[in-house]
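In what follows, a single structure is set out as structure tokens and then discussed.
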Amino acid sequence: MRRWGIRKKVLVVTLVPTLLTTLMLGLFFTYSWVANIETLLKDRGESLSRQLAAGSEYGLFTANRSLLSSLSNALLEEQDVRSITFFSSDGSRLLHTGPGSSETVNIKELTAERATRISRADSTRFITPVFLQDLMIESMMDPDARQSMSGLQTPLGWVVVEMSHIRTEKETYKALLISLLLVLGGVILSMAIALRLSRAFTNPVFELNEAVARLKEGKLETRVYTGAGPEFEQLESGLNAMAEELSKAQAEMQQNIDQATEDLRETLETIEIQNIELDFARKEALEASRIKSEFLANMSHEIRTPLNGIIGFTELLLKSPLPRQQRDHLSTIRKSSEILLTIINDILDFSKIEAGKLILDRVPFQLRDIVEEVMVMLAPAAHAKNLDLVPLVYNDVPDNIMGDPLRVKQVITNLVNNAIKFTQTGEVVLRASLEEEEMDSNRVTLRLSVSDSGVGLSRAQQQSLFNAFSQADASTARQYGGTGLGLAISKRLVEEMGGKIGLESELGKGSTFWFTLTSELASSGEAIAPRDALQGERVIYLEQQKTTGLAVEHLLREWGMVVDRVASPGALQEQIEEAQKSQAGYAVAIVGITRHLLNSSQYCGLFRTLEVDRDCRTLLLTPTLETHDTPLSGLASGHLTKPVCREALYDELLLLVHGINSAGRTTVEFQSAMRRPATGKVPRVLAVDDNDANLKLVLTLLEDCQLDAEGASSGFEALSKARQKPFDLVFMDLQMPGMDGVETTARLREMDTDNHRTPIIALTAHALADEQERLSRQGFDGYMPKPISSGQLTEIIHEYTGYICQGTPGSGRFRVPEVRDTRRALRPSTRQMQQDCVSVDESIQLAAGKADLAEELFSMLLEQVHADLERISGFWRDQSLDELLECVHKLHGAARYCGVPELRAAANRFETALKCSAPDLEQQKDRLLSAMERLEIWTEQTDWQQLFRNQHPAAETS
């Protein structure tokens, strides 16, 4: 009903009650009328049958048919009487008057007790018994007597009066018809009234709706007058007032539109004029941008060309023997040149980004390797300021990801370098964590943050920090240097890689720069060897720098090692001694120190005690040093610089714990590769450059590689030399007077044959994004930007000629592994308590208190130990047990006259084991060799002669 219209609702509300009332009244009156007709018929039938029964008593008693016939004929004249029948007392029919003479009455229907009525389809029979009445006065006066007599009498017969239903049915039909007509009349009247009411209510509503529709179409002159009553009059007046107001508003709006149209036309004319001016300005801007790009390219070339000579010849001079002062000056020149080169690179990178020509690579790379490379590269600058530089890469961070490793490394370098630059004390920590992982798409989102304890930034400084050529304030540019482009470039690079960058800082409390890196996981091409060789080994660790200690401990526990941290050298020495007493010593002791502790006598004594007295291998972790020749590095078994790299730490621990040198094979392979060229002949190389300094530098680098190199200062000279004899590789400068490098390359390409095509490498300082592609179209095979480094040069020579350069092992793709001191083999730490290696007092006591004799006996023992080391190993290897027993017996005898408790006990046990053929012969042999080696190490690191001579006065006095 909610969706019904008003007219339908009015009709329903009006008609339904009226129709229901009319129908109910019609039904009631029809039913009453029909019931009255039937009741009248019944009453007349019963009355006539009783009258006939009373009148026919004598006729039936006397069987007077004529009397009965006259009675029936008189009664037939009554309405609705169809027939009259008389029956005798035995049920036989005496007389029948009227139609249906053949119809019979069932004897069962003739009862003596009472009058009965039998209804049929077209008539109703009224059967009344006829009794003989007692007409005597006595019986008449006595009702009881009359009743008893009548009860004892049997009926004289029966009278059957048949009443017809014809007139009754006609009356019934008449009543139904009249009722139907009355009901229909009432319904029609109700509908007429309802329709009239609905029209009176809905027509004004429809008129109002039409008026609203016309107003909606914009016919604001529409007015409505329904005359339907006061309620509608109020609505009409409101609608007419609204239409009048709208008409006024439209007129006013039209006036405003006309005015605005006129203003807009004038504005469009002005804009058209401005567009013409902007088009001219755009063409001028494009021309200026082209000129700027050419200017950047030319300036890059002009600045990089002298830088190439400065940096190149500085490196060559640093390789030669120089006084320390001159070496310091050259180092300053090289650092200044590298800073200038960094500024140029930043400006060029920013220009690439602004021009939209920055192209990102998508190759698999290892994030941890990039982090370590940045840390190692920036460590000297951090350690020069006594800063703790620490990388923290969490275990859930995947290593192999897809992306541009060079740009990721550039962003990390910028952030870490800024943190080091603006931090005076404290630490700089790089953290890499997994922020989100999508298993379905095999994508991960990494978060890398760089935290420092530097000066911090205010809110105002933070808002403009990522803008180009912007720094925290004007003074920082003078104090710290730089162009202010590093963070702007980092922001654009991170956004190009689909990540975000931001910072969290508080003035005076340091800063945290972070960026996210979203990338796909790269499938590992080759299986990585598991680092499980150190699992379960116990390590004790002393570290002065808290965050570095956390990072190193994190690595050690990742490899399955058990790490115990101590806070002081005394605690370290005490805990190692306690562990050895319980026969569960440590595999290695790691000691990390700061720069001011490098010459500490306390730490020198600590390392001497651990290495000699406790026979525990030690690993020294120091900041970046200018030289490795420090007192502590000579005492420790291993030495690494901070921040610690995974591979270097694992290899060093593997060597110290198990004696396995994993770098040995690599060194041999490299040395063998360095001794042989990849091809049968030395390639001939031509270098072309109009700048004398650059040409001399390239020729010098080529001569260092022992190549057959020639130079040319112009394109004409290069063509002349190329016509005389072919070259295997050409380095071609692009910008030269007369004939430039592009034209010279085209001429050289004309000289190529089917059997020989000369590789030509472009030497240019142009660093725009489309430079390499354009050079490839112009016939160049490769591209090498200035300034030239020896590493790039050797890589290109190997790539295009197959020749492995000699004489430059320090750079390039063939990096010489660090060669460690191999004068003696490192053996694992002793895990249990040892006796003293040497006791000077005991030696003098055994020599009868004569210190000079004790020194001589000890010297003789050392000579014997040195010779017996090889002999015992050889006898054991050849299983010459008799010669071995004789050698050990002599050594045991010599040890008994010197204060060497450990060696004496070991020789005694091994000699006893040899005589008894004990099952632990090899173990006893190893203990003896270990004691002999410890004795040698003690003598190398101790001025033992002075110890004996210091005892001379005391001995003589005694």
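Heads up: take any position in the sequence shown, counting from 1, add 47, and you land on my numbering. All C-beta atoms, glycine included, are put in the ideal place defined by N, C-alpha and C. From a predicted model like this one, the values you see are computed outputs, not experimental measurements.
Status (buried if at least 16 other CB within 10 Å, exposed otherwise) for residue i
i: Lys55; result: exposed
i: Glu699; result: buried
i: Thr201; result: exposed
i: Leu67; result: exposed
i: Gln297; result: exposed
i: Lys972; result: buried
i: Gly632; result: buried
i: Met979; result: buried
i: Lys468; result: buried
i: Asn802; result: exposed
i: Thr132; result: buried
i: Lys538; result: buried
i: Val833; result: It is worth fixing the name first, because residue 833 is Lys in this sequence and not Val. Result: buried.
i: Glu41; result: Lying before the first or after the last residue shown, residue 41 is absent from the chain, which here runs from 48 to 1005.
i: Trp205; result: buried
i: Thr595; result: buried
i: Arg270; result: exposed
i: Trp51; result: exposed
i: Phe134; result: buried
i: Phe75; result: exposed
i: Thr308; result: exposed
i: Gly639; result: buried
i: Thr726; result: In this prediction, Thr726 has a pLDDT of 44, which is less than 50 and means its spatial position is unreliable; nothing more can be read from the coordinates.
i: Gln782; result: buried
i: Asn303; result: exposed
i: Asp435; result: buried
Host beta strand (DSSP E) of residue i (start-end)
i: Gly758; result: 755-759
i: Tyr588; result: 585-590
i: Arg642; result: Per DSSP, Arg642 belongs to no beta strand (DSSP E) and is neither H nor E.
i: Ser906; result: First-last for Ser906: 898-925, but that is the alpha helix (DSSP H), not the beta strand (DSSP E).
i: Thr656; result: Per DSSP, Thr656 belongs to no beta strand (DSSP E) and is neither H nor E.
i: Ser830; result: Just to set this straight, residue 830 is Tyr in the shown sequence, not Ser. Start and end: 829-832.
i: Thr811; result: 807-811
i: Thr175; result: 170-177
i: Thr559; result: 558-567
i: Asp698; result: Where Asp698 is concerned, there is no enclosing beta strand (DSSP E), although the alpha helix (DSSP H) it sits in stretches over 693-705.
i: Val437; result: 435-440
i: Ile851; result: It is not in any beta strand (DSSP E) - Ile851 carries neither H nor E in the DSSP assignment.
Element boundaries [alpha helix (DSSP H), containing residue i]
i: His601; result: 593-605
i: Ile984; result: 968-988
i: Met422; result: 414-431
i: Arg112; result: 112-123
i: Leu554; result: No alpha helix (DSSP H) contains Leu554, which DSSP labels as neither H nor E.
i: Val935; result: 928-942
i: His803; result: Per DSSP, His803 belongs to no alpha helix (DSSP H) and is neither H nor E.
i: Ser837; result: 837-848
i: Ala618; result: 616-628
Near the ligand SAM: residue i beta-carbon under 6 Å from a heavy atom
i: Pro690; result: You won't find the ligand SAM in this model; it holds no ligand whatsoever.
Rounded Cβ spacing between residue i and residue j (contact assumed at less than 8 Å)
i: Glu209; j: Arg172; result: 5 Å
i: Val609; j: Gly583; result: 7 Å
i: Glu482; j: Thr563; result: 6 Å
i: Gly473; j: Ser500; result: 3 Å
i: His939; j: Glu983; result: About 18 Å; that fails the 8 Å criterion.
i: Phe654; j: Leu679; result: 6 Å
Exercise. Hey, which unbroken runs of the beta strand (DSSP E) at 3 residues or more fall wholly within the region 456-493?
Worked result: 474-485
For this session: Counting only runs of 4+ residues fully inside the region 248-276, write out the alpha helix (DSSP H) ranges in chain order.
Result: none
Problem set entry | Inter-stretch contact (C-beta, 8 Å, three-pair minimum) for the region 373-380 and the region 403-420 | no
For this session: Specify whether the region 254-264 and the region 232-240 touch according to this definition: at least 3 beta carbon pairs, one from each stretch, less than 8 Å apart.
Result: no
Problem set entry | At least 3 beta-carbon pairs within less than 8 Å: the region 663-674 vs the region 419-434 | yes
Exercise. Are the region 826-841 and the region 743-750 touching by the rule of at least three beta carbon pairs closer than 8 Å?
Worked result: yes
Exercise. So does the region 551-558 actually touch the region 446-463, counting three or more Cβ pairs closer than 8 Å?
Worked result: no
Exercise. Would you call the region 905-920 and the region 941-948 touching, i.e. three or more CB-CB distances under 8 Å?
Worked result: yes
Exercise. Does the region 122-129 touch the region 138-148, meaning 3 or more C-beta pairs lie closer than 8 Å?
Worked result: yes
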